[in-house]
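Engineer: Numbering (my numbering), first residue to last: 362 to 488. Think of the CB as a built atom: it goes at the ideal place given N, C-alpha and C, for glycine as much as any other residue. Supplied in structure tokens, the structure appears directly below.
In structure tokens, the structure reads:
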């Protein structure tokens with residue numbers, strides 16, 4: 362069973378205060394299912410929602426290293442109250458070695474997949 366990370370409106374309101382205008386999340390998403398909430402080349406962010414509650418956040422970047430990813434991830438860490446150097450170290454290790462690296466903090470699990478020359482990151486709640 363997937364766990365709730367946060368209500369979408371709560372996430373959006375907190376996140377949008379932390380990022381530049383081009384990276385702000387859209388105002389609303391479908392009550393259930395996947396929604397693309399940020400699309401700015403080379404990055405997209407998608408949320409999977411159940412009854413307006415975010416269960417999974419997926420960040421996809423066509424580039425392994427871009428400052429836009431840093432801005433998005435730092436804002437998500439703050440919005441989800443899970444900031445940790447573990448996530449940064451996992452990200453750096455994944456892009457350096459072109460592998461999958463997982464990190465956890467405050468029951469938030471982040472999987473960094475840097476295979477195939479692009480970065481795919483999934484954020485979920487554990488426990």
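Are the beta-carbon atoms of residue 387 and residue 396 separated by less than 9 angstroms?
Structural biologist: Walking along the chain shown from the start, residue 387 turns up at place 26. Walking along the chain shown from the start, residue 396 turns up at place 35. Yes, these two residues count as a Cβ contact at 9 angstroms.
Engineer: Taking residue 470 as part of the beta strand (DSSP E), name the residues at either end of that continuous run.
Structural biologist: Looking up residue 470 in the chain shown gives position 109. That run of the beta strand (DSSP E) goes 469-474.
Engineer: As a quick exercise: from 464, 378, 441 and 414, pick the residue whose alpha carbon is nearest that of residue 322.
Structural biologist: As displayed, the chain neither begins before 362 nor continues past 488, which places residue 322 out of reach and without an answer.
Engineer: Can you have a look at residue 422 and say buried or exposed, based on whether 16 or more other CB atoms are within 10 angstroms of its CB?
Structural biologist: Here residue 422 refers to the residue found at position 61 of the chain shown. It counts as buried.
Engineer: For residue 436, which residues of its own chain have a beta-carbon under 7 angstroms away from its beta-carbon, when the five flanking residues on both sides are left out?
Structural biologist: In the chain shown, residue 436 corresponds to position 75, counting from 1. 376, 379 and 380.
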